[in-house]
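Enquirer: Keeping their order, the protein sequence lines are chains A and B.
Residue numbering for the first sequence follows our numbering, beginning at 35 and increasing consecutively.
Residue numbering for the second sequence follows our numbering, beginning at 31 and increasing consecutively.
We put the beta carbon where it would ideally sit given N, CA and C, even for glycine.
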Amino acid sequence: MTLATVARSVAARAGNVWALPTLPLLGGGAATAVWGRRRAALQTVPAVNTLSSPSAALSETKRPAHDTADTFDALPPSVTLPLSTGPLSVGTAATGGTQQMNLFTAVNDALRIALETDESAVVFGEDVAFGGVFRCTQHLRDAFGPDRVFNTPLCEQGIAGFGIGLAASGVTAVAEIQFADYSLPAYDQLANEAAKFRYRSGGAYSAGLTVRMPCGAVGHGGLYHSQSPEALFCATPGLKVVMPRDPVRAKGLLLASIRDANPVIFMEPKALYRASVAPTPVEDYELPLGVAETVVPGRDVTLVGWGAQVHVLVAAAARAAAEDDISAEVLDLQTLCPWDVDAVVASVKRTGRLVVSHEAPLSGGLGGEVAATVAADAFLSLEAPVKRVCGWDTPFPLAHEKYYVPNVERCLEAIKDVVAF
Amino acid sequence: MTCMIEAPLGQTRPTSAEQQWDTEKNSEDMVGTQLLHAAGGAYARTVPPNPPLRRGTAAYFGDGGSSTADFAAAANLAATHPSPLLLLSRNNGWAISTPVSSQWACDRVAGRAGGGYGVAADHSTSDDASRYRDAPRLAAAAAAADPVTRLRGALAAAGWRGGARDADVDDSAREQRAAVAAAVAAAEAAAAPSAASLFEDVYDVPPPRLAGQRRELLGHLRRHPTTYAGASRVGPSRLDGTSR
Numbered sequence: 035m036t037l038a039t040v041a042r043s044v045a046a047r048a049g050n051v052w053a054l055p056t057l058p059l060l061g062g063g064a065a066t067a068v069w070g071r072r073r074a075a076l077q078t079v080p081a082v083n084t085l086s087s088p089s090a091a092l093s094e095t096k097r098p099a100h101d102t103a104d105t106f107d108a109l110p111p112s113v114t115l116p117l118s119t120g121p122l123s124v125g126t127a128a129t130g131g132t133q134q135m136n137l138f139t140a141v142n143d144a145l146r147i148a149l150e151t152d153e154s155a156v157v158f159g160e161d162v163a164f165g166g167v168f169r170c171t172q173h174l175r176d177a178f179g180p181d182r183v184f185n186t187p188l189c190e191q192g193i194a195g196f197g198i199g200l201a202a203s204g205v206t207a208v209a210e211i212q213f214a215d216y217s218l219p220a221y222d223q224l225a226n227e228a229a230k231f232r233y234r235s236g237g238a239y240s241a242g243l244t245v246r247m248p249c250g251a252v253g254h255g256g257l258y259h260s261q262s263p264e265a266l267f268c269a270t271p272g273l274k275v276v277m278p279r280d281p282v283r284a285k286g287l288l289l290a291s292i293r294d295a296n297p298v299i300f301m302e303p304k305a306l307y308r309a310s311v312a313p314t315p316v317e318d319y320e321l322p323l324g325v326a327e328t329v330v331p332g333r334d335v336t337l338v339g340w341g342a343q344v345h346v347l348v349a350a351a352a353r354a355a356a357e358d359d360i361s362a363e364v365l366d367l368q369t370l371c372p373w374d375v376d377a378v379v380a381s382v383k384r385t386g387r388l389v390v391s392h393e394a395p396l397s398g399g400l401g402g403e404v405a406a407t408v409a410a411d412a413f414l415s416l417e418a419p420v421k422r423v424c425g426w427d428t429p430f431p432l433a434h435e436k437y438y439v440p441n442v443e444r445c446l447e448a449i450k451d452v453v454a455f
Numbered sequence: 031m032t033c034m035i036e037a038p039l040g041q042t043r044p045t046s047a048e049q050q051w052d053t054e055k056n057s058e059d060m061v062g063t064q065l066l067h068a069a070g071g072a073y074a075r076t077v078p079p080n081p082p083l084r085r086g087t088a089a090y091f092g093d094g095g096s097s098t099a100d101f102a103a104a105a106n107l108a109a110t111h112p113s114p115l116l117l118l119s120r121n122n123g124w125a126i127s128t129p130v131s132s133q134w135a136c137d138r139v140a141g142r143a144g145g146g147y148g149v150a151a152d153h154s155t156s157d158d159a160s161r162y163r164d165a166p167r168l169a170a171a172a173a174a175a176d177p178v179t180r181l182r183g184a185l186a187a188a189g190w191r192g193g194a195r196d197a198d199v200d201d202s203a204r205e206q207r208a209a210v211a212a213a214v215a216a217a218e219a220a221a222a223p224s225a226a227s228l229f230e231d232v233y234d235v236p237p238p239r240l241a242g243q244r245r246e247l248l249g250h251l252r253r254h255p256t257t258y259a260g261a262s263r264v265g266p267s268r269l270d271g272t273s274r
């Protein structure tokens with residue numbers, strides 16, 4: 035897998051639209067941000083598109099997040115994250131500012147902070163010792179030693195079960211499964227053990243491990259390196275499922291996931307590891323689980339997605355605005371289980387129309403869960419049936435990937451269809 | 031990969047390569063899953079009305095694969111339900127970056143050819159091994175550690191080579207190489223499959239919903255004839271005629 039391949043695949047799916055709308059300035063209320071380790075003066079800064087251009091993705095920056103000598107003087111001084119409790123401002127000059135990170139360096143930074151701040155934290159999985167096949171664990175073994183960062187034998191159910199045992203014994207266990215496609219052997223341990231530990235013991239025990247896994251289409255992954263199995267884990271009460279769309283969210287959500295007392299499946303869109311770049315706060319901060327984010331505000335239709343698909347929806351929204359003067363609102367669920375029902379319902383009550391999009395196959399996918407909930411909770415607000423733009427009901431193809439993934443063209447057609455209904 | 035081997039008892043030379051192998055050409059990507067399939071396939075040989083026990087089943091796996099739960103289950107099934115199963119470990123000492131010293135703590139894979147591990151050529155096709163292996167030693171080991179050469183040596187040491195058998199093996203190797211090269215050339219020369227073929231072989235009979243999705247994709251491609259690289263390939267598919 036080369037950077038060029040990744041960048042091309044992401045560019046192809048985003049329809050080569052790189053000039054994306056920025057968020058308007060967000061005036062905050064008086065509410066204090068509950069999460070995060072810093073409470074700074076409000077500085078609202080327009081969010082930047084985190085998908086770098088293909089050429090930027092190709093000019094690889096390999097520096098780990100904790101290296102010094104950052105030369106990006108022109109970066110915004112902070113990052114404002116709109117939370118349901120009020121804006122959270124992180125990465126201010128007082129707290130260390132921001133540093134250009136991509137998704138894997140942001141994940142790496144979160145893992146480093148977790149290991150630094152929690153002496154019981156351990157990171158383990160296949161090939162994590164040398165840095166991991168996606169570099170998410172680079173330098174950690176050197177910094178924290180082989181007892182805390184170590185390889186496991188090649189056995190996913192072993193990784194999951196071992197992690198459950200660690201977590202139940204008070205260790206902060208952060209497991210890695212090398213590809214989400216390989217999580218299925220671990221499904222028994224995760225669904226039948228981790229998810230049920232608290233419930234079956236009446237709260238006496240819990241297994242709050244975090245299981246990280248790369249997921250999603252990457253251009254050439256085929257059957258077993260492209261899957262998005264989030265629906266399987268969301269169907270198992272007792273687990274939480276999280277998927278970030280960019281480095282800023284990845285770092286904050288991962289720290290929150292690691293520190294959450296419940297088992298969390300943290301899914302990282304592998305196509306974004308290098309392609310998604312953003313000025314990311316260097317401090318220790320968390321983003322709340324269970325809270326969706328409005329990426330692009332709009333009036334005419336609500337678009338719901340997660341992970342890499344959010345960027346496709348943002349691009350489709352821009353095309354809809356340019357071609358048909360449609361104002362589309364884009365929501366990133368961020369947490370898929372438990373997902374932010376209130377945010378989606380509130381949005382649809384304003385717009386009256388909903389399109390949900392995900393790479394995973396249509397049937398049985400989370401889009402159905404969102405659509406049914408909205409139909410129940412916002413029926414009288416709907417001006418059109420809910421539309422879903424998803425992978426087809428086939429295994430993930432290799433040669434046919436470009437016809438399979440829900441790209442900008444198909445999303446745009448769906449937007450126009452619901453608006454014209 | 032799982033292979034069913036026809037063991038031509040009493041013969042010294044099969045008449046063709048095809049008579050030697052009946053290979054299940056169903057590639058695996060999830061490590062170790064094929065071992066269980068092989069265990070079932072081997073046991074099936076003992077269940078009527080299968081032919082008498084002249085066929086065995088061989089499954090190939092790497093050293094990393096021997097750590098999977100499927101390996102344990104497969105070996106256990108074959109042991110408790112006697113069946114003609116051959117589990118062939120290709121131990122090159124590494125599973126991506128993980129050396130066998132991290133993979134197990136005992137003298138695990140019995141009967142490994144050549145004895146010892148560690149010394150091997152650049153072993154992985156998926157990454158740059160120099161990130162976790164010593165580059166100069168890697169280069170030096172490459173030439174000396176060809177697994178085919180090592181296996182020939184092991185077979186000779188066990189007394190299983192010599193005479194007419196050597197010529198058989200060399201001829202067979204040449205045939206295999208030629209067959210593979212021809213297959214690769216044919217595949218590379220073939221036209222890309224049609225978009226509609228994306229929906230083939232999910233089930234034996236396509237469910238109703240899938241036909242609708244196929245129509246949806248083909249309609250989309252017709253509306254966007256130049257958007258997709260190489261133009262929309264609304265070509266033939268085995269599902270044509272089911273419902274357009």
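Span of the beta strand (DSSP E) holding T132 of chain A?
Expert: Run containing T132 of chain A: T132 to N136, per the beta strand (DSSP E) assignment.
Enquirer: Between L107 of chain B and A74 of chain B, how many whole angstroms is the CB-CB distance? I'm expecting something under 8 angstroms.
Expert: Contact doesn't hold; Cβ gap of about 12 angstroms is too wide.
Enquirer: Do A209 of chain A and R246 of chain A count as a contact pair if the criterion is CB distance below 9 angstroms?
Expert: In contact: R246 of chain A and A209 of chain A (Cβ atoms closer than 9 angstroms).
Enquirer: Candidates A:P263, A:T328, A:S217 and A:Q172: which alpha carbon is nearest A140 of chain A's?
Expert: The residue with the shortest Cα to Cα distance from A140 of chain A is A:Q172.
Enquirer: If I measure Cβ to Cβ from R293 of chain A and keep anything under 6 angstroms in the same chain, skipping five residues before and after, which residues do I get?
Expert: Excluding positions up to five away in sequence, the list is empty.
Enquirer: Just the C-alpha distance for Y319 of chain A and M60 of chain B, rounded to the nearest angstrom, thanks.
Expert: Cα to Cα, Y319 of chain A sits roughly 36 angstroms from M60 of chain B.
Enquirer: Within 10 angstroms of its Cβ, does T244 of chain A collect 16 or more other Cβ (buried), or is it exposed?
Expert: With 16 or more Cβ atoms within 10 Å of its Cβ, T244 of chain A is classed as buried.
Enquirer: Since I299 of chain A is in the beta strand (DSSP E), which residue starts that stretch and which ends it?
Expert: Its beta strand (DSSP E) spans residues V298 to P303.
Enquirer: Mind checking who T128 of chain B pairs with in its DSSP beta bridge?
Expert: Paired residue(s): B:A125.
Enquirer: Residues bridged to M247 of chain A by DSSP?
Expert: A:M301, per the DSSP bridge assignment.
Enquirer: Anything in chain B within Cβ reach of H434 of chain A, meaning under 8 angstroms, just list it in chain order.
Expert: What H434 of chain A touches in chain B: P223, A225, S227 and L228.
Enquirer: What does a CB cutoff of less than 7 angstroms around I28 of chain A pick up in its chain, not counting 5 residues either side in sequence?
Expert: Summary: the structure shown does not reach residue 28 of chain A, with chain A confined to residues 35 through 455, and so no result is reported for it.
Enquirer: What do you get for F455 of chain A, buried or exposed, if any count of 16 or more other CB atoms within 10 angstroms of its CB means buried?
Expert: With fewer than 16 Cβ atoms within 10 Å of its Cβ, F455 of chain A is classed as exposed.
Enquirer: In the DSSP assignment, find the unbroken beta strand (DSSP E) run with D366 of chain A in it and report its ends.
Expert: Here the beta strand (DSSP E) through D366 of chain A covers A362 to D366.
Enquirer: Return the chain-ordered list of same chain residues with a C-beta closer than 7 angstroms to the C-beta of P271 of chain A, the five sequence neighbours on each side being excluded.
Expert: Taken in chain order, the residues that qualify are A229.
Enquirer: Which same chain residues, not among the five before or five after D158 of chain B, have their C-beta less than 8 angstroms away from its C-beta?
Expert: Closer than 8 angstroms at Cβ, skipping near neighbours: no residue.
Enquirer: Please check the pair K274 of chain A and L323 of chain A, which I expect to be a contact at CB under 8 angstroms, by giving their CB distance rounded to whole angstroms.
Expert: Contact holds; Cβ gap of about 6 angstroms.
Enquirer: Could you please give the first and the last residue of the uninterrupted beta strand (DSSP E) stretch that includes P121 of chain A?
Expert: Per DSSP, P121 of chain A belongs to the beta strand (DSSP E) from G120 to V124.
Enquirer: With a threshold of 7 angstroms on Cβ separation, who are the neighbours of R239 of chain B within its own chain once the five nearest residues in sequence on each side are excluded?
Expert: Cβ within range, chain order: n/a, list empty.
Enquirer: Would a check of beta-carbon distances place I449 of chain A closer than 9 angstroms to chain B?
Expert: So no, I449 of chain A is outside the interface.
Enquirer: As an exercise, report each continuous alpha helix (DSSP H) stretch of at least 4 residues that is fully enclosed by the region 134–185 of chain A, in chain order.
Expert: Segments of the alpha helix (DSSP H) lying fully in the region 134–185 of chain A: 137–151 and 174–178.
Enquirer: Check whether the Cβ of A140 of chain A lies closer than 8 angstroms to any heavy atom of the ligand SAM, and answer yes or no.
Expert: This structure lacks the ligand SAM, and indeed carries no ligand of any kind.
Enquirer: Give the C-beta separation of T63 of chain B and D100 of chain B to the nearest angstrom, bearing in mind that I take them to be a contact with Cβ-Cβ under 8 angstroms.
Expert: Contact holds; Cβ gap of about 6 angstroms.
Enquirer: Along the alpha helix (DSSP H) that carries G339 of chain A, what are the first and last residues, could you check?
Expert: Where G339 of chain A is concerned, there is no enclosing alpha helix (DSSP H), although the beta strand (DSSP E) it sits in stretches over V335 to G339.
Enquirer: Excluding the 5 residues preceding and the 5 following V364 of chain A in the sequence, name in chain order all residues of the same chain whose CB lies nearer than 6 angstroms to its CB.
Expert: Cβ neighbours of V364 of chain A beyond the five flanking positions: V329, V330, L337, L347, V348 and A351.
Enquirer: Of all the CB atoms in chain A, is at least one closer than 9 angstroms to the CB of A261 of chain B?
Expert: Because A261 of chain B carries a pLDDT of 43, less than 50, the predicted location of this residue cannot be relied on, and the following value inherits that uncertainty. Not an interface residue.
Enquirer: Using a cut-off of 7 angstroms between C-beta atoms, extract the partners of D161 of chain A located in chain B.
Expert: Under the 7 angstroms cutoff, chain B gives I126, S127 and T128.
Enquirer: Verify the CB distance criterion: does V452 of chain A have a CB-CB separation below 9 angstroms to chain B?
Expert: Output row for V452 of chain A: interface = no.
Enquirer: Report, in whole angstroms, the separation of the C-beta atoms of L248 of chain B and A226 of chain B, which I expect to be a contact under 8 angstroms.
Expert: Contact flag correct, Cβ pair sits at about 6 angstroms.
Enquirer: Could you please give me the residues that DSSP links to P271 of chain A through a beta bridge?
Expert: DSSP lists A:L273 as partners of P271 of chain A.
Enquirer: Sort out for me which residues DSSP pairs K421 of chain A with in a bridge.
Expert: A:V389.
Enquirer: Let me make sure I understand the geometry here. Which of B:Y90, B:P166 and B:Q206 has the alpha-carbon closest to that of L116 of chain B?
Expert: When each option's Cα is compared against that of L116 of chain B, the closest is B:Y90.
Enquirer: Is the CB of R43 of chain B under 9 angstroms away from at least one CB in chain A?
Expert: In this prediction, R43 of chain B scores a pLDDT of 41, lower than 50, which makes its location untrustworthy; no coordinate-derived value is stated.
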